[in-house]
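Novice: Each number in the numbering used here corresponds to the 1-based position in the sequence shown with 73 added.
Ideal Cβ positions, reconstructed from N, Cα and C, are used throughout, including at glycine.
Here it is, the structure, as structure tokens.
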Amino acid sequence: MKPCLFILLLAFFGCKQIKSPEKKVEPVLADILGDNFQDPDEISCWGIGEIEFDDNPESLTQKIGEENLTTDSLFEEGMHEGFVTKVWKGTPREVVIYWREKIRPVRKIAFMETRHPSSVYHFSNGIRVGTTVNELVKLNGGKEIGFYGFGRDYAGTFESFNGGKLAGNIPCFGGVIGLDSLSYATIQTDLLGDHVINSSQLGSLVKKARLISIRIKGDA
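Structural data, given as structure tokens:
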């Protein structure tokens, strides 16, 4: 074999045996968990965190443990209105369950609430206890939010999203707006009383008024 031809063949087969190093791809959490990933602290129209509308006293006991459940009678204006169960009472993971039944046994959840000032729970869009009215209006597509005036029963309770995005995106969403004591001291009289007010009426307080309770109702 001619020397030149031998050198070319050697070079060819030598190159065939050399493999380019494979690039190492680090797995990410979304790839590992796929569609099964669920934030354990997320609020949705299915429930709050681990608590779901399909739950009943027996399933809650199995899921959470009897030692983490506290059930009491609910009274409004001195009248017995039913029963509430608090899960992880007094902690940032507290969830308050309001039962449909007014007499025992209770079986069906009417609505749930999270109201601890340091609550860990949140909607996927970031809404949580402590979200300002100003932020809520932005998430509502700029539409005003209507709620009951301060200083009376149901003070700050949502009344309407006025056709904004939140009404369609989170149909189960309800809540209560509150003010700190300093803001209450300077509040204008038209914000007080048993009537509906709109977020625009808050003026400079729109950045101080905050969500102090999130409620989600069943069968939304």
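1. Under a CB-based cut-off of 9 angstroms, is Ser286 close to chain C?
2. Taking the alpha carbon of Thr205 as the reference point, which residue from Ile250, Pro244 and Tyr194 has its own alpha carbon closest?
3. With a threshold of 8 angstroms on Cβ separation, who are the neighbours of Tyr221 within its own chain once the five nearest residues in sequence on each side are excluded?
4. Note the first and the last residue of the continuous alpha helix (DSSP H) segment covering Ser254.
5. What are the start and end residues of the beta strand (DSSP E) that includes Ser286?
6. Would you decide whether Glu167 is buried or exposed? Buried here means 16 or more other CB atoms lie within 10 Å of its CB.
7. Go to Ser146, then tell me how far its beta strand (DSSP E) extends in each direction, as first and last residue.
8. For the beta strand (DSSP E) containing Gly241, name the first residue and the last one.
9. For Asn198, which three-state DSSP category applies?
10. Where does the unbroken beta strand (DSSP E) through Val157 begin, and where does it stop?
11. Might you give, ordered along the chain, the residues of its own chain that have their beta carbon closer than 8 angstroms to the beta carbon of Phe148, omitting 5 neighbours on each side?
12. If you drop the 5 nearest sequence neighbours on each side, which residues of the same chain put their C-beta closer than 6 angstroms to that of Lys238?
13. Tell me the DSSP bridge mates of Thr205?
14. By DSSP, does Ser18 sit in helix, in strand, or in coil?
15. When the Cα atoms are used, what is the spatial distance from Gly151 to Gly224?
16. Grab the span of the alpha helix (DSSP H) containing Ser132 for me, first residue to last.
17. Starting from the C-beta of Gly199, find all residues in its chain whose C-beta is less than 6 angstroms away, skip the five residues before and the five after it, and write them out in chain order.
18. Identify every residue that forms a DSSP beta bridge with Ile176.
19. Shortest alpha-carbon distance to Leu255 belongs to which of Leu278, Gly241, His195 and Gly247?
Specialist: In terms of the structure at hand:
1. Judged by its chain identifiers, the structure shown contains no chain C, having just a single protein chain.
2. Nearest to Thr205 by C-alpha distance, out of Ile250, Pro244 and Tyr194, is Ile250.
3. Excluding the 5 residues flanking it on each side, Tyr221 has same chain C-beta neighbours closer than 8 angstroms at Tyr227, Ala228, Gly229, Thr230, Glu232, Asp267, His268, Val269 and Ile270, in chain order.
4. Element bounds for Ser254: Ser254 to Ala258.
5. Annotation for Ser286: the continuous beta strand (DSSP E) segment containing it runs Arg283 to Lys290.
6. Counting every other CB atom within 10 Å of its CB across the protein chains shown gives Glu167 a total of 16 or more, marking it as buried.
7. Ser146 -> beta strand (DSSP E) spans Leu142 to Glu149.
8. Careful: Gly241 lies outside any beta strand (DSSP E), inside the alpha helix (DSSP H) at Lys238 to Asn242.
9. Three-state DSSP puts Asn198 in coil, outside helix and strand.
10. It spans Met152 to Val160 - the beta strand (DSSP E) in which Val157 sits, taken as one unbroken run.
11. So the qualifying residues of the chain are Glu154.
12. Taking C-beta separations shorter than 6 angstroms and ignoring five residues to either side along the sequence, the partners of Lys238 in its chain run Asn213 and Gly214, following chain order.
13. Paired residue(s): Arg283.
14. Lying before the first or after the last residue shown, residue 18 is absent from the chain, which here runs from 74 to 293.
15. Between the alpha carbons of Gly151 and Gly224 lies a distance of about 19 angstroms.
16. Pro130 to Ile137 is the extent of the alpha helix (DSSP H) around Ser132.
17. In its own chain, leaving out the 5 sequence neighbours on each side, no residue places its CB closer than 6 angstroms to the CB of Gly199.
18. The beta-bridge partner set that DSSP reports for Ile176 is empty.
19. When only C-alpha atoms are compared, the closest one is Leu278.
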